[in-house]
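**Student:** Add 7 to the 1-based position in the sequence shown for our numbering, that's all there is to it. We treat Cβ as the ideally placed atom computed from N, Cα and C, and that holds for glycine. Shown below is the structure under consideration.
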Amino acid sequence: MTDSRIVLTEKAPVPTSAYSQALRYGSLLATSGFLGSAPDGSGLVSGGFEAETRQALDNIRAVLEAAGCAMTDVIRVNVSLTDIKRFAEMDAIYREYFSEPYPSRNTIGVKELWGGAQIGFDVWAVIDAE
């Protein structure tokens, strides 16, 4: 098995429990789930669903950049929504962060997310060989 490398940046919420922001295995990068949490650890951003969605995606982008890749390198996105009826609203914002060819995606409705968050994302990306 290829050695893993931990990705860590202070531009996204730093783990306070047993997980890594992302792990890289060869050219594959897998992130943890990110909510609309402020990078400074102060909790969810204010401003409702849109603000949380944008912050969660900004957190993902920060971790990708720390790993040496970009949103265009993402091949898979998992989305968790506490209100699946907000899918279209999420999708409109999502299209501002991702472009064609869009990554594969799974969107699920969940009962709740940590801290009362309304949305969460995790991604898989492929990093060019160094």
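Keeping to the same chain, check which residues put their C-beta closer than 7 Å to that of valine 70; ignore five residues upstream and five downstream.
**Tutor:** If we look at valine 70 and ignore the five residues flanking it on each side, its Cβ neighbours are Val14, Thr16, Ala19, Gln28, Ala29 and Thr38.
**Student:** Could you give the uninterrupted runs of the beta strand (DSSP E) lying entirely in the segment 32-109, keeping only those of 3 residues or more?
**Tutor:** Qualifying beta strand (DSSP E) stretches, in chain order: 35-38 and 81-88.
**Student:** Could you give the C-beta distance for isoleucine 126 and glycine 43, rounded to a whole number, given that I count them as a contact under 8 Å?
**Tutor:** At roughly 7 Å, the Cβ-Cβ gap stays under 8 Å, so isoleucine 126 and glycine 43 are in contact.
**Student:** Assign glutamate 138 to one of two classes, buried (16 or more other C-beta atoms within 10 Å of its C-beta) or exposed (fewer than that).
**Tutor:** What is shown of the chain runs 8 to 137, which leaves residue 138 out entirely.
**Student:** Given this structure, state the Cα-to-Cα distance separating arginine 61 from aspartate 10, to the nearest angstrom.
**Tutor:** Looking at the two C-alpha atoms, the distance is approximately 32 Å.
**Student:** Once you ignore the five residues that flank isoleucine 134 on each side, which residues in its own chain have a CB closer than 8 Å to its CB?
**Tutor:** Cβ within range, chain order: Arg31, Ser34, Leu35, Leu36, Ala74, Gly75, Cys76 and Asp80.
**Student:** Since asparagine 66 and phenylalanine 41 are thought to touch, with beta carbons under 8 Å apart, how far apart are those beta carbons, to the nearest angstrom?
**Tutor:** Confirmed, Cβ separation roughly 4 Å.
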